[in-house]
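Numbering (this note's numbering), first residue to last: 131 to 296.
Okay, so here's the structure we're looking at.
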Amino acid sequence: MAIEHDYFGLLESGPDGSIFWSENVELGDQSVTVDLTAPDQDDVSEAALDVAAALISSIEDIDRSARNGMVNELNDRTSEVTEYILQQQETLGEALEDTLVDISGDVQIDVIRSLQLMSMTILADEHGGSDPFAVLEYALDPDATDDVLLVNLDSDGAVLSVTSAD
């Protein structure tokens, strides 16, 4: 069986009923991998696909919202964002400045600005639920696959939480 959608085209299910769609989307001068997945196509509504398409189409706004969500976490010394920045400072030391795209004097903000959006995973079966509908993966170093921050979004694109991959 398959689902057809204006944005995604024909989404065919695998033998287990799951669906998967992947594409690279441009965000500024970088390419972001966008995956749409669901373990059972019967759990995916037309509305979920419409919301997913809207999130992808507004990836710049979603990225800005996610970064603002990270900035909001800076007030909490025990937040994953604060821990991530401290870890990067410890790991990179003086070389941290070489990875920053902008140096304003506020290291925390500079690190958040310098993070690269690596991927967006849309969990199409979570539309309207309490679990994340989309997960954005950010990294300071694209090759450090374990050193990432994950921003979890609801179906409206609002930030639910920011976690590390640990």
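Even glycine gets a Cβ: it sits at the ideal position worked out from N, Cα and C.
As the structure is a prediction and not an experimental result, all values here were calculated from the model.
To the nearest whole angstrom, what separates the beta carbons of residue i and residue j, a pair I think is in contact under 8 angstroms?
i           : j           : result
residue 231 : residue 189 : That pair is no contact at about 18 angstroms.
residue 285 : residue 174 : Going by Cβ atoms, the distance from residue 285 to residue 174 rounds to 13 angstroms, so no, they are not a contact pair.
residue 255 : residue 177 : 12 angstroms between Cβ atoms; not a contact.
residue 278 : residue 295 : 5 angstroms
residue 172 : residue 148 : Residue 172 to residue 148, Cβ: 10 angstroms. No contact.
residue 227 : residue 233 : 6 angstroms
Per DSSP, residue i forms a beta bridge with which residues?
i           : result
residue 163 : 154, 249
residue 291 : 282
residue 265 : 251, 282
residue 168 : 149
Does the distance from the CB of residue i to the CB of residue j come in under 9 angstroms?
i           : j           : result
residue 264 : residue 253 : yes
residue 135 : residue 183 : yes
residue 197 : residue 166 : no
residue 220 : residue 211 : no
residue 185 : residue 247 : no
residue 192 : residue 259 : no
residue 266 : residue 290 : no
residue 155 : residue 209 : no
residue 164 : residue 251 : yes
residue 179 : residue 150 : no
What are the start and end residues of the alpha helix (DSSP H) that includes residue i?
i           : result
residue 187 : 176-187
If you follow the beta strand (DSSP E) that residue i is in, where does it begin and where does it stop?
i           : result
residue 127 : There is no way to answer for residue 127, as the model of the chain reaches only from 131 to 296.
residue 139 : 139-142
Under 8 angstroms from any heavy atom of the ligand HEM, does the C-beta of residue i make it?
i           : result
residue 272 : This structure lacks the ligand HEM; in fact it carries no ligand of any kind.
request  = Please specify which runs of the beta strand (DSSP E), each continuous and at least 3 residues long, are wholly inside the region 210-255, giving them in chain order.
outcome  = 246-253
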